[in-house]
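Chemist: In full-length UniProt numbering, the protein residues as written are 1 to 422.
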């Protein structure tokens with residue numbers, strides 16, 4: 001016959017199947033288990049249980065104990081007096097009740113009325129099963145208690161990995177790790193990507209009046225603000241029949257169109273048409289219609305705009321840009337510019353984000369140094385990159401002390417990448 005044997009009382013349950021004749025005794029079964037298993041229990045230190053009952057008569061044959069083919073037998077080590085009592089316990093003190101050895105626990109509770117009384121106060125259902133001498137009910141209650149405790153202690157990583165919520169959280173974690181790795185790689189090998197780009201402006205004249213024009217190949221048409229048109233004295237030429245709404249990043253009202261105007265660049269004159277917008281902070285924008293008509297080339301290597309292969313004009317440095325277009329502008333006007341513009345690139349939009357970031361930095365810098373739960377070395381590593389102490393502490397809190405994650409997060413917040421608008 002075959003007997004399945006499990007070791008009960010370890011961190012994991014091991015199952016062993018032994019083949020033995022039915023006319024052999026319990027003593028013989030213990031010897032077979034000790035020799036064939038890895039339980040580490042000698043035959044003379046072994047208790048065997050079947051259906052919750054101790055097989056204590058070693059002279060009985062397997063047939064006499066009513067064991068059938070492939071029945072399950074639980075193997076447990078016999079406890080010494082040291083195992084039955086807690087450390088430092090004296091005679092008459094409460095025995096240590098090990099829930100991993102249910103038969104031993106059951107017997108101890110039955111033989112110790114004081115322990116049973118204490119159990120009745122904490123778990124009446126379990127105590128009632130002991131009092132009725134019902135080992136099966138005792139096992140059922142005990143297993144349900146242990147299962148409940150394991151479920152409460154279960155770590156998220158031990159949950160069902162096929163659960164959709166767990167899968168989604170794993171996916172989010174993987175995506176975040178990939179993004180962080182990508183940003184760290186870019187920061188190491190291409191730090192220039194984290195900088196800001198000065199927009200392309202040129203000096204020109206309209207009707208003899210100097211204008212700083214923004215060159216934008218992504219804008220469909222050339223536009224001018226109403227204020228600039230009045231300053232140049234050409235509002236009288238606006239054909240209001242061509243009014244409308246310009247859509248892009250927000251919407252703006254088109255007052256009309258100037259069908260023909262003279263654009264002077266480097267003392268050369270070029271014909272252009274202008275759409276006049278009612279509320280536009282930028283004086284003038286040279287769009288794709290003008291660039292295509294005059295076969296313009298934006299030469300970033302030489303930093304010039306070439307018009308009809310006859311005129312070259314340099315793009316303006318940041319110091320000569322209009323206030324609203326300067327990345328380092330700190331004037332009051334710079335805080336109120338860059339209203340929504342349907343035809344512009346997000347150069348002004350980028351500037352607004354930059355201004356917001358600068359104001360936040362100033363608020364950080366105006367506060368006094370605060371105590372930090374993180375090592376000064378970690379804070380210094382971040383402040384060496386140009387960030388303030390307060391920013392370093394705040395990001396380290398969010399990153400649970402991870403210097404690299406905090407640094408990458410700060411770099412991402414300082415990044416103001418322009419978006420193109422068609």
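Built from N, CA and C at the ideal position, the CB exists for glycine as well.
Need the endpoints of the beta strand (DSSP E) that residue 4 sits in, please.
Modeler: Its beta strand (DSSP E) spans residues 2 to 7.
Chemist: Under the assumption that residue 18 contacts residue 33 (Cβ atoms under 8 Å), give the Cβ distance between them as a whole number of angstroms.
Modeler: At roughly 6 Å, the Cβ-Cβ gap stays under 8 Å, so residue 18 and residue 33 are in contact.
Chemist: How would you write the range of the alpha helix (DSSP H) that residue 204 sits in, first residue to last?
Modeler: Looking at the DSSP string, residue 204 is not in any alpha helix (DSSP H); the run it does join, the beta strand (DSSP E), is 201 to 206.
Chemist: Given 8 Å as the limit, is there contact between the stretch 278 to 291 and the stretch 208 to 226, that is, 3 or more CB pairs closer than that?
Modeler: The stretch 278 to 291 vs the stretch 208 to 226: in contact.
Chemist: Is residue 290 closer than 7 Å to residue 272 when the C-beta atoms are compared?
Modeler: Cβ distance < 7 Å, so residue 272 and residue 290 count as in contact.
Chemist: Who are residue 65's beta bridge partners in DSSP?
Modeler: Its beta-bridge partners do not exist; DSSP assigns none.
Chemist: Report the start-end ranges of each alpha helix (DSSP H) in the stretch 168 to 249 that is 4 residues or longer and not cut off at the edges.
Modeler: Runs found: 226 to 232.
Chemist: Mark residue 219 as exposed unless 16 or more other C-beta atoms lie within 10 angstroms of its C-beta, in which case mark it buried.
Modeler: Buried is the call here.
Chemist: If you follow the beta strand (DSSP E) that residue 71 is in, where does it begin and where does it stop?
Modeler: Its beta strand (DSSP E) spans residues 71 to 77.
Chemist: Just how far apart, CA to CA, sit residue 141 and residue 60?
Modeler: Between residue 141 and residue 60, the C-alpha separation is close to 31 Å.
Chemist: Check the DSSP bridge columns for residue 261 and list the partner residues they point to.
Modeler: Residue 261 pairs with 272.
Chemist: Taking the alpha carbon of residue 241 as the reference point, which residue from 252, 251 and 259 has its own alpha carbon closest?
Modeler: That would be 259, whose Cα lies nearest to the Cα of residue 241.
Chemist: Report the three-state DSSP secondary structure of residue 108 (helix, strand or coil).
Modeler: In the structure shown, residue 108 sits in a helix (DSSP, three-state: H, G or I).
Chemist: Look up residue 314 in the DSSP assignment and say whether it is helix, strand or coil.
Modeler: Looking at residue 314 - three-state DSSP - the assignment turns out to be strand.
Chemist: If I measure Cβ to Cβ from residue 237 and keep anything under 6 Å in the same chain, skipping five residues before and after, which residues do I get?
Modeler: Cβ neighbours of residue 237 beyond the five flanking positions: 258.
Chemist: With respect to the beta strand (DSSP E) encompassing residue 307, which residues constitute its N-terminal and C-terminal limits?
Modeler: Unbroken beta strand (DSSP E) run through residue 307: 304 to 307.
Chemist: The beta strand (DSSP E) spanning residue 402 covers which residue range?
Modeler: Per DSSP, residue 402 belongs to no beta strand (DSSP E) and is neither H nor E.
Chemist: Under three-state DSSP, which class holds residue 280?
Modeler: Note: residue 280 maps to coil in three-state DSSP.
Chemist: Can you name, in chain order, every residue of its own chain whose Cβ lies under 8 Å from the Cβ of residue 304, other than the five neighbours on each side?
Modeler: Closer than 8 Å at Cβ, skipping near neighbours: 312, 313, 314 and 315.
Chemist: Taking the alpha-carbon of residue 253 as reference, which of 269, 280 and 266 has the nearest alpha-carbon?
Modeler: Cα-wise, what sits closest to residue 253 is 280.
Chemist: Enumerated in chain order, which unbroken segments of the beta strand (DSSP E) with a length of 3 residues or greater are wholly contained in the stretch 25 to 55?
Modeler: For the stretch 25 to 55, whole beta strand (DSSP E) runs of length 3 or above, ordered along the chain, are 46 to 50.
Chemist: How long is the line joining the alpha carbons of residue 319 and residue 300, rounded to whole angstroms?
Modeler: Residue 319 and residue 300: Cα-Cα distance of roughly 18 Å.
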